[in-house]
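Trainee: Handing you this structure, nothing more for now.
Protein chains: 2
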Amino acid sequence: MMGSLAKGLKVIEAFSAERPRLSISETAEIAGLDRATARRCLLTLAELGYADYDGKFFTITPRVLRLGTGCLATMPLPRLVQPWLDRLSQEIGQSTSVSILDEGEIVYVARAAQQRVMSIALMPGSRLPAYCTSMGRVLLAALDEQRARQILSAKPLIARTEKTLTDIEALMRELAATRARGYAQIDQEVEIGLRSLAVPLFDARGQTIAALNVGLPANQEPMQEIAKKYLPALLRVQGELAKISI
Amino acid sequence: MMGSLAKGLKVIEAFSAERPRLSISETAEIAGLDRATARRCLLTLAELGYADYDGKFFTITPRVLRLGTGCLATMPLPRLVQPWLDRLSQEIGQSTSVSILDEGEIVYVARAAQQRVMSIALMPGSRLPAYCTSMGRVLLAALDEQRARQILSAKPLIARTEKTLTDIEALMRELAATRARGYAQIDQEVEIGLRSLAVPLFDARGQTIAALNVGLPANQEPMQEIAKKYLPALLRVQGELAKISI
DNA sequence: TGTACTTTGTTCGAATATCGCACAAAAAGG
DNA sequence: CCTTTTTGTGCGATATTCGAACAAAGTACA
Numbered sequence: 309m310m311g312s313l314a315k316g317l318k319v320i321e322a323f324s325a326e327r328p329r330l331s332i333s334e335t336a337e338i339a340g341l342d343r344a345t346a347r348r349c350l351l352t353l354a355e356l357g358y359a360d361y362d363g364k365f366f367t368i369t370p371r372v373l374r375l376g377t378g379c380l381a382t383m384p385l386p387r388l389v390q391p392w393l394d395r396l397s398q399e400i401g402q403s404t405s406v407s408i409l410d411e412g413e414i415v416y417v418a419r420a421a422q423q424r425v426m427s428i429a430l431m432p433g434s435r436l437p438a439y440c441t442s443m444g445r446v447l448l449a450a451l452d453e454q455r456a457r458q459i460l461s462a463k464p465l466i467a468r469t470e471k472t473l474t475d476i477e478a479l480m481r482e483l484a485a486t487r488a489r490g491y492a493q494i495d496q497e498v499e500i501g502l503r504s505l506a507v508p509l510f511d512a513r514g515q516t517i518a519a520l521n522v523g524l525p526a527n528q529e530p531m532q533e534i535a536k537k538y539l540p541a542l543l544r545v546q547g548e549l550a551k552i553s554i
Numbered sequence: 309m310m311g312s313l314a315k316g317l318k319v320i321e322a323f324s325a326e327r328p329r330l331s332i333s334e335t336a337e338i339a340g341l342d343r344a345t346a347r348r349c350l351l352t353l354a355e356l357g358y359a360d361y362d363g364k365f366f367t368i369t370p371r372v373l374r375l376g377t378g379c380l381a382t383m384p385l386p387r388l389v390q391p392w393l394d395r396l397s398q399e400i401g402q403s404t405s406v407s408i409l410d411e412g413e414i415v416y417v418a419r420a421a422q423q424r425v426m427s428i429a430l431m432p433g434s435r436l437p438a439y440c441t442s443m444g445r446v447l448l449a450a451l452d453e454q455r456a457r458q459i460l461s462a463k464p465l466i467a468r469t470e471k472t473l474t475d476i477e478a479l480m481r482e483l484a485a486t487r488a489r490g491y492a493q494i495d496q497e498v499e500i501g502l503r504s505l506a507v508p509l510f511d512a513r514g515q516t517i518a519a520l521n522v523g524l525p526a527n528q529e530p531m532q533e534i535a536k537k538y539l540p541a542l543l544r545v546q547g548e549l550a551k552i553s554i
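Chains as they are written, first to last, in our numbering: chain A, 309 to 554; chain B, 309 to 554.
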């Protein structure tokens with residue numbers, strides 16, 4: 309285990325939307341490192357071009373994007389699914405997305421946006437909690453129960469709206485139901501006004517590797533009509549993608 | 309300088325779309341490290357959850373996306389420009405994008421796609437060479453001449469199509485012209501069938517910090533009509549964004 | 001405005017982890 | 001089956017990290 313690599317990565321992760329500019333002490337605090345250690349990490353990152361330093365605050369540079377998006381680029385998934393997403397989105401007139409699971413979060417890897425429904429802009433690399441999203445439910449349902457429970461227990465389940473399920477037993481039951489019916493439906497649990505419907509995407513071995521969803525404004529049609537109306541299209545794409553063995 | 313952090317980051321960057329799975333020796337070769345060092349880095353990354361190891365090959369995990377997209381998230385730019393891009397794209401019926409410069413490459417930070425023109429899917433985080441793109445020309449034109457020349461000299465200038473400018477003096481003249489006229493136009497230098505038009509975006513101090521462009525299919529209208537038709541809309545958005553002082 | 005106090009940044013020797021050579025093991029190739 | 005190439009690992013020399021102590025900068029309050 310190379311300790312300094314681990315510490316350097318912690319320092320990079322210390323930067324976020326809320327904290328784009330960090331002093332040495334702040335960095336040390338957030339990353340849980342000694343000030344001296346944080347300083348060495350930051351100076352090294354600056355020297356390598358991953359950070360800028362104005363003598364007081366550090367910021368990270370676009371160079372850091374080479375790390376993460378190098379990763380997105382290694383995934384054939386986004387390129388494979390994008391044309392299907394585009395067609396599907398066009399056909400049903402709604403935004404569609406594909407995401408994968410990283411611990412308790414879903415990570416968007418491809419997206420075809422129609423008019424904006426959500427308040428925040430989602431793009432490849434964006435993250436949302438798994439427990440309250442349709443794609444998250446589908447992806448958690450594919451894990452064994454013990455692992456799913458472990459992930460759900462790891463972080464507090466925030467009620468993002470008054471409709472959000474936050475009881476772990478209720479969530480576990482919902483995962484079982486999702487597994488049984490093959491898709492997940494969410495009614496304004498992430499954000500008021502937003503519903504969504506998701507199905508799993510399988511690899512050649514039949515393992516769930518991603519989820520495909522459609523997002524809908526909540527006032528367009530009654531909740532029970534949604535699956536009837538959009539599920540066939542999602543399942544067709546699911547089937548087509550299974551053929552080309554992702 | 310923390311050497312091991314620098315080496316670990318090199319290892320992460322060794323992974324790419326062409327080489328998503330690497331053995332220890334391959335990694336060492338690509339990153340220019342000793343095998344023993346590469347091995348320690350990879351095992352550390354695996355232990356931290358940034359990589360997977362099947363006993364033979366390493367792959368990187370979605371966790372790596374936390375590094376890069378943490379960075380994208382720190383930038384207010386994408387969120388600020390996205391609504392404007394969406395409106396602009398809708399209005400002119402073409403794909404629009406905003407990108408920033410990282411050395412010799414442009415990095416897409418926001419995008420509003422209409423029908424696909426380019427063969428490859430562009431998304432936030434995607435990279436293209438600066439010398440042959442309209443946004444790249446605009447961003448290079450904002451640097452001082454010496455720095456621009458240095459960047460252009462750093463890597464061989466590939467002729468991606470028969471129209472691509474690859475002569476450094478010709479490019480420097482084009483940058484000067486771009487600086488003078490305030491926008492850049494590209495006719496199928498990245499890819500046959502694709503034209504584009506870009507303007508700089510300024511921060512509160514008047515510094516160029518990003519570029520805004522529109523991409524067009526090459527057969528839609530004569531080249532000389534493009535600026536006349538689309539430049540006013542781009543300049544209007546440029547002006548609006550200047551007001552809210554990015 | 002001066003002084004005490006808090007926070008932040010930096011230095012330095014002791015302690016520790018890393019480097020990469022050299023060797024061992026395993027594949028690959030003939 | 002032996003040679004060649006590739007891959008994995010132990011170990012001493014060496015460079016890096018640790019964290020307490022110090023210095024500097026900023027704050028609070030009389």
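C-beta: ideal position from N, C-alpha, C; glycine also.
#1: With distance defined between alpha-carbon atoms, name the residue in A:Asp-495, A:Ala-449, A:Leu-448 nearest to Arg-469 of chain A.
#2: Which two residues bound the contiguous alpha helix (DSSP H) that contains Gln-559 of chain A?
#3: Check whether chain A comes within 8 Å of Thr-352 of chain B, counting only Cβ atoms and requiring the distance to be less than that.
#4: Can you list, in chain order, the residues of its chain whose CB lies under 7 Å from that of Gln-402 of chain A, leaving out five sequence neighbours each side?
#5: If we ignore side chains and look at the alpha-carbon of each, how far apart do Ala-526 of chain A and Thr-441 of chain A end up?
#6: Looking only at its own chain, which residues have a Cβ that is under 6 Å from the Cβ of Leu-549 of chain A, when we skip the five neighbours before and after it?
#7: Tell me which residues of the region 431-463 of chain B have at least one Cβ-Cβ distance to chain A shorter than 8 Å, keeping chain order.
#8: Apart from the five residues on each side of it in sequence, which residues of its chain come closer than 8 Å, Cβ to Cβ, to Ile-552 of chain B?
#9: I need the DSSP call for Gln-493 of chain B, collapsed to helix, strand or coil.
#10: Only counting the same chain, and skipping five residues up and downstream in sequence, which positions put a Cβ closer than 6 Å to that of Leu-465 of chain A?
#11: Hey, Glu-555 of chain A and Leu-436 of chain A: beta-carbon distance below 8 Å or not?
#12: Can you tell which of A:Ser-405, A:Leu-409, A:Leu-451 has its C-alpha closest to the C-alpha of Met-431 of chain A?
#13: Closest to Gly-490 of chain A by CA distance: which of A:Val-507, A:Ala-456, A:Leu-520, A:Val-372 is it?
#14: Scan the region 408-476 of chain B and note each continuous alpha helix (DSSP H) run of 4 residues or more that stays entirely inside, going in chain order.
#15: What did DSSP end up calling Leu-330 of chain B once you bin it into helix, strand or coil?
#16: Would you grab the beta carbon distance between Gly-433 of chain B and Gly-376 of chain B for me? Rounded to a whole angstrom, and I think it's under 8 Å.
#17: Taking only beta-carbon atoms, is Arg-395 of chain B less than 8 Å away from chain A?
#18: Just list the residues that DSSP pairs Asn-521 of chain A with in beta bridges.
#19: Quick one: is the Cβ of Gln-515 of chain B within less than 7 Å of any heavy atom of the ligand ATP?
#20: On the CB-based measure, 16 or more other CB atoms within 10 Å of its CB, does Glu-499 of chain A come out buried or exposed?
#21: Sort out for me which residues DSSP pairs Ile-368 of chain A with in a bridge.
#22: Does the beta carbon of Ala-336 of chain B come closer than 8 Å to any beta carbon on chain A?
#23: With a 10 Å radius around its C-beta and 16 neighbouring C-beta atoms as the bar for buried, classify Ala-484 of chain A as buried or exposed.
#24: Give me the Cα-Cα distance between Pro-391 of chain B and Arg-544 of chain B, rounded to the nearest whole angstrom.
#25: CB Ala-519 of chain B to CB Leu-447 of chain B, shorter than 8 Å?
#26: Strictly under 8 Å for the Cβ-Cβ distance: is Ala-518 of chain B near chain A by that measure?
#27: Looking only at its chain, what residues have a beta carbon closer than 7 Å to the beta carbon of Thr-369 of chain A, apart from the 5 residues adjacent to it on each side?
#28: Hey, could you find the ends of the alpha helix (DSSP H) Leu-543 of chain A is sitting in?
#29: Residues of the region 465-485 of chain B with a CB closer than 7 Å to any CB of chain A: list them in chain order, please.
Mentor: Working from what's here:
#1: Position 161 of the first sequence, counting from 1, holds the residue named residue 469 of chain A. The sequence as given places Thr at residue 469 of chain A; Arg does not occur at that position. Thr-469 of chain A has its Cα closest to that of A:Asp-495, out of A:Asp-495, A:Ala-449, A:Leu-448.
#2: Residue 559 of chain A cannot be examined here, being either before or after the span of chain A that is shown, 309 to 554.
#3: Taking the first residue of the second sequence as position 1, residue 352 of chain B is located at position 44. So yes, Thr-352 of chain B belongs to the interface.
#4: Against the first sequence, residue 402 of chain A aligns to sequence position 94. Within the same chain, Gln-402 of chain A has close Cβ partners Gln-422, Val-522, Gly-523, Leu-524.
#5: In the first sequence, the residue the question calls residue 526 of chain A occupies position 218. In the first sequence, the residue the question calls residue 441 of chain A occupies position 133. Spanning the two alpha carbons is a distance of roughly 14 Å.
#6: In the first sequence, counting from the first residue as 1, residue 549 of chain A sits at position 241. Excluding sequence neighbours, Leu-549 of chain A sits near Leu-509.
#7: Residues Met-431, Pro-432, Gly-433, Ser-434, Arg-435.
#8: Along the second sequence, one-based indexing puts residue 552 of chain B at 244. So the list reads Leu-388, once near-sequence residues are dropped.
#9: Start at 1 with the first residue of the second sequence, and residue 493 of chain B comes out as number 185. It is a strand residue.
#10: Position 157 of the first sequence, counting from 1, holds the residue named residue 465 of chain A. Here the set comprises Tyr-439, Thr-474.
#11: Because chain A spans 309 through 554 in this model, residue 555 of chain A falls outside it and cannot be assessed.
#12: Reading the first sequence from its first residue, position 123 is the one you call residue 431 of chain A. Minimum Cα distance to Met-431 of chain A is reached at A:Ser-405.
#13: The residue you call residue 490 of chain A lines up with position 182 of the first sequence. The shortest Cα separation from Gly-490 of chain A among A:Val-507, A:Ala-456, A:Leu-520, A:Val-372 belongs to A:Val-507.
#14: 442-449, 453-462
#15: Position 22 of the second sequence, counting from 1, holds the residue named residue 330 of chain B. The answer is strand: DSSP assigns Leu-330 of chain B an E or B state.
#16: Residue numbering aside, residue 433 of chain B sits at position 125 when the second sequence is read from its first letter. Residue numbering aside, residue 376 of chain B sits at position 68 when the second sequence is read from its first letter. Yes, they are in contact, since the Cβ atoms of Gly-433 of chain B and Gly-376 of chain B sit about 7 Å apart, within 8 Å.
#17: Counting from one through the second sequence, the residue named residue 395 of chain B turns up at place 87. No, because no Cβ of chain A sits closer than 8 Å to the Cβ of Arg-395 of chain B.
#18: Within the first sequence, the letter at position 213 stands for residue 521 of chain A. Paired residues: A:Ser-405, A:Ala-506.
#19: The ligand ATP is not part of this structure, which contains no ligands at all.
#20: On the first sequence, residue 499 of chain A is found 191 positions in, with the first residue counted as 1. Label assigned to Glu-499 of chain A: buried.
#21: Numbered from its first residue, the first sequence carries residue 368 of chain A at position 60. Assignment of beta-bridge partners to Ile-368 of chain A by DSSP yields A:Ala-359.
#22: The sequence position of residue 336 of chain B within the second sequence is 28, counting from 1. Chain A contact via Cβ: absent.
#23: Walking along the first sequence from the start, residue 484 of chain A turns up at place 176. Ala-484 of chain A comes out exposed.
#24: In the second sequence, the residue the question calls residue 391 of chain B occupies position 83. In the second sequence, the residue the question calls residue 544 of chain B occupies position 236. Spanning the two alpha carbons is a distance of roughly 14 Å.
#25: If you number the second sequence from 1, residue 519 of chain B lands on position 211. If you number the second sequence from 1, residue 447 of chain B lands on position 139. Yes, the Cβ-Cβ distance between Ala-519 of chain B and Leu-447 of chain B is below 8 Å.
#26: As a position in the second sequence, residue 518 of chain B is number 210, starting the count at 1. At a cut-off of 8 Å between beta-carbon atoms, Ala-518 of chain B makes no contact with chain A.
#27: Along the first sequence, read from residue 1 onward, the residue named residue 369 of chain A stands at position 61. For Thr-369 of chain A, where only same-chain residues beyond five positions count, the Cβ hits under 7 Å are Gly-357, Tyr-358, Ala-359, Asp-360.
#28: In the first sequence, the residue the question calls residue 543 of chain A occupies position 235. Looking at the DSSP string, the run of the alpha helix (DSSP H) that includes Leu-543 of chain A is 531-551.
#29: Correct list: empty, as no residue qualifies.
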